[in-house]
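*Asks:*
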Amino acid sequence: DGGITQSPKYLFRKEGQNVTLSCEQNLNHDAMYWYRQDPGQGLRLIYYSQIVNDFQKGDIAEGYSVSREKKESFPLTVTSAQKNPTAFYLCASSIEDRFPYEQYFGPGTRLTVT
Amino acid sequence: GNSVTQMEGPVTLSEEAFLTINCTYTATGYPSLFWYVQYPGEGLQLLLKATKADDKGSNKGFEATYRKETTSFHLEKGSVQVSDSAVYFCALRPYSSNTGKLIFGQGTTLQVKP
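Right under this line is the structure:
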């Protein structure tokens, strides 16, 4: 079955440590996205990538970094510079050349930093 | 700029009641419109979509009609079930966008009681 995999589902880290969240898709989608969701709030875009080896900052990129070395993979690193990293992180993908470009989401990773 | 406004929740209904969740948008041209649903602890699932004025998206008993004149895309269901309890997000993709970036509303929590 095609879909988006995020691992792990729960992640715990100590303050000051960098942590990398995994996102893999086998949908052959061109574009991938990372969102952050805080309790009771909507989604905020962190980074997105339309093609391999290229990505753009979203609305809240500070303290985060990404890479897109393969079409299937778009890992997100939460660095120690991120002031409030505890949140639910969602990865999504979409086809760039098929209107209307709806996004498909993974199951999410809940990151807790103490 | 582009934006999406949803009615505040939580919306609490009894089983078999009629559901309406209001969504209005601000955008130029003809954006594509989407409703996503998020069950507790999970990622978002695409519920339905519409791409032009007067289009009606429908899925699993839910419906929404793209109203250009009122810039609205209200979600409706004739008879809700306890299993419909979730957070519902309205989203748009700007007409002139060259990416798949979506703009999300804040989400509306629906609680259905037996």
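Here the protein sequences come in this chain order: A and B. Numbered according to our numbering, the first sequence spans residues 1 to 114. Numbered according to our numbering, the second sequence spans residues 1001 to 1114. A virtual CB, placed ideally from N, CA and C, is assigned to each residue, including glycine.
1) Using DSSP's beta-bridge definition, name the partner residues of residue 101 of chain A.
2) Could you give the residue range of the beta strand (DSSP E) that holds residue 53 of chain A?
3) Could you tell me whether any Cβ in chain B is nearer than 8 Å to the Cβ of residue 8 of chain A?
4) Could you tell me which residues DSSP puts in a beta bridge with residue 1021 of chain B?
5) Identify whether residue 67 of chain A lies in helix, strand or coil by the three-state DSSP scheme.
6) According to the Cβ coordinates, are residue 1038 of chain B and residue 1087 of chain B closer than 8 Å?
7) Is residue 1025 of chain B near residue 1092 of chain B, with beta carbons less than 8 Å apart?
8) Which residue wins for smallest C-alpha separation from residue 35 of chain A, given the options B:1044, B:1013, B:1053, B:1052?
9) Are there three or more Cβ pairs, one per stretch, closer than 8 Å when the stretch 22–36 of chain A is compared with the stretch 82–94 of chain A?
10) Exposed or buried, which one is residue 14 of chain A when buried takes at least 16 other CB atoms within 10 Å?
11) Mind listing the chain B neighbours of residue 94 of chain A? Cutoff is C-beta to C-beta under 8 Å, in chain order.
12) Against chain B, with Cβ distances strictly below 8 Å, would residue 102 of chain A count as a contact?
13) Out of A:48, A:80, A:82, which one is the CA nearest neighbour of residue 67 of chain A?
14) Between B:1031, B:1005, B:1082, B:1033, which has its C-alpha nearest residue 1022 of chain B's C-alpha?
15) How big is the Cα-Cα spacing for residue 1008 of chain B and residue 1080 of chain B?
16) Using the Cα positions of residue 56 of chain A and residue 1062 of chain B, report the straight-line distance between them to the nearest angstrom.
17) Considering only heavy atoms of the ligand ADP, does any lie closer than 7 Å to the CB of residue 1022 of chain B?
18) When the Cα atoms are used, what is the spatial distance from residue 1048 of chain B to residue 1059 of chain B?
19) Measuring CB to CB, does residue 78 of chain A end up less than 8 Å from residue 43 of chain A?
*Replies:* Answer, in terms of the structure:
1) Taking the first residue of the first sequence as position 1, residue 101 of chain A is located at position 101. Answer is none; residue 101 of chain A lacks a bridge partner.
2) The residue labelled residue 53 of chain A in the question sits at position 53 within the first sequence. Per DSSP, residue 53 of chain A belongs to no beta strand (DSSP E) and is neither H nor E.
3) Stepping through the first sequence from its first residue, residue 8 of chain A is reached at position 8. Not a single C-beta of chain B is nearer than 8 Å to the C-beta of residue 8 of chain A.
4) Counted from its first residue, the second sequence places residue 1021 of chain B at position 21. In the DSSP output, where bridge partners are listed per residue, residue 1021 of chain B has B:1075.
5) Locating residue 67 of chain A in the first sequence gives position 67, where the first residue counts as 1. Coil at residue 67 of chain A, not helix or strand.
6) Numbered from 1 along the second sequence, position 38 holds the residue referred to as residue 1038 of chain B. Numbered from 1 along the second sequence, position 87 holds the residue referred to as residue 1087 of chain B. For residue 1038 of chain B and residue 1087 of chain B, yes; Cβs fall inside 8 Å.
7) Taking the second sequence and counting its residues from 1, one reaches residue 1025 of chain B at position 25. Taking the second sequence and counting its residues from 1, one reaches residue 1092 of chain B at position 92. For residue 1025 of chain B and residue 1092 of chain B, yes; Cβs fall inside 8 Å.
8) Start at 1 with the first residue of the first sequence, and residue 35 of chain A comes out as number 35. When each option's Cα is compared against that of residue 35 of chain A, the closest is B:1044.
9) yes
10) Taking the first residue of the first sequence as 1, we reach residue 14 of chain A at position 14. With fewer than 16 Cβ atoms within 10 Å of its Cβ, residue 14 of chain A is classed as exposed.
11) Position 94 of the first sequence, counted from the first residue, corresponds to residue 94 of chain A. Near residue 94 of chain A (Cβ distances below 8 Å), the residues of chain B are 1100.
12) Counted from its first residue, the first sequence places residue 102 of chain A at position 102. Chain B contact via Cβ: present.
13) Against the first sequence, residue 67 of chain A aligns to sequence position 67. Out of A:48, A:80, A:82, A:48 has the C-alpha closest to the C-alpha of residue 67 of chain A.
14) Here residue 1022 of chain B is taken as the residue at index 22 of the second sequence, counted from 1. Of B:1031, B:1005, B:1082, B:1033, the residue nearest in Cα terms is B:1005.
15) Counting from one through the second sequence, the residue named residue 1008 of chain B turns up at place 8. Counting from one through the second sequence, the residue named residue 1080 of chain B turns up at place 80. Answer to the nearest angstrom: the Cα atoms are 18 Å apart.
16) Within the first sequence, residue 56 of chain A is the residue found at index 56, counting from 1. Within the second sequence, residue 1062 of chain B is the residue found at index 62, counting from 1. So the two alpha carbons sit approximately 35 Å from each other.
17) By its list of ligands, the structure shown contains no ligand whatsoever, and the ligand ADP lies outside what it can speak to.
18) Your numbering for residue 1048 of chain B matches position 48 in the second sequence. Your numbering for residue 1059 of chain B matches position 59 in the second sequence. So the two alpha carbons sit approximately 6 Å from each other.
19) Position 78 of the first sequence, counted from the start, is the residue given in the question as residue 78 of chain A. Position 43 of the first sequence, counted from the start, is the residue given in the question as residue 43 of chain A. Taking 8 Å as the Cβ cut-off, residue 78 of chain A and residue 43 of chain A do not qualify as a contacting pair.
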